[in-house]
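Quick notes on the structure that follows.
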Amino acid sequence: MNAEISDNPFLQALAVSGTMSIFMIGMAIGVMNILSSGISPMPSSVILLIFAVVFIVGSVFFEKRGADQIGALIGGCVVSLAATISIFSFFGGVDFVLKDGLSVLGWDRLVSALAICMIASMLLVKLLSYKMQAEYA
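Here this note's numbering is used: the first residue of the sequence shown is 80, the next is one more, and so on.
Structural data, given as structure tokens:
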């Protein structure tokens with residue numbers, strides 16, 4: 080049986096939901112790790128570089144979609160801030176896991192968090208696809 084992800088809607092939904100939920104768990108664990116330890120998982124120069132790259136890409140994206148220059152800059156800043164915080168907190172979670180933090184959490188909590196995040200990510204994907212279809216149809 081040769082099932083490709085692009086052909087099977089069940090595998091697509093499971094792959095998207097699983098990937099998003101792992102990222103969401105990583106972010107949540109990262110925020111807890113960063114707040115409890117007070118140590119940054121990344122150097123500030125890398126954080127600033129991520130912010131700058133996403134800011135430029137976001138500003139160009141909004142400007143190409145018809146936003147004026149100020150709107151494009153504000154949109155790029157908001158997207159860059161959200162992406163930088165997401166990436167920063169995810170790597171905080173990766174740092175926690177690499178330092179044997181999963182034994183502290185326990186597998187039952189991790190599996191429960193994975194299930195909750197999978198449900199939330201599926202709801203988010205369906206909501207966004209519905210909004211996109213309604214707006215661009």
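Glycine residues also receive a C-beta, built at the ideal position from the N, C-alpha and C atoms. None of the values given here were measured: they were computed from a predicted structure.
**Report entry** Among Asp-174, Phe-134 and Ile-104, the one whose alpha carbon lies nearest that of Ile-118
**Finding:** Per the Cα distances, Asp-174.
Query raised in the report: With distances taken from CA atoms, which of Met-201, Leu-127, Arg-188 and Ala-151 is nearest Thr-98?
Result: Its Cα nearest to that of Thr-98, the residue Met-201 stands out among Met-201, Leu-127, Arg-188 and Ala-151.
Report task. Answer with buried or exposed for Asn-87, where buried requires no fewer than 16 other C-beta atoms within 10 angstroms of its C-beta. Result -> In this structure Asn-87 is exposed. Its beta-carbon is surrounded by fewer than 16 other beta-carbon atoms within 10 angstroms.
Query - Helix, strand or coil at Met-220 according to DSSP, with G and I counted as helix - result: Residue 220 is absent from the structure shown; the chain starts at 80 and stops at 216.
Query raised in the report: So, are the CB atoms of Phe-134 and Ser-159 less than 8 Å apart?
Result: Contact flag set, yes.
Query raised in the report: Would a C-beta distance cut-off of 8 Å place Gly-109 and Gly-172 closer than the cut-off?
Result: With a cutoff of 8 Å on beta-carbon distance, Gly-109 and Gly-172 are scored as near each other.
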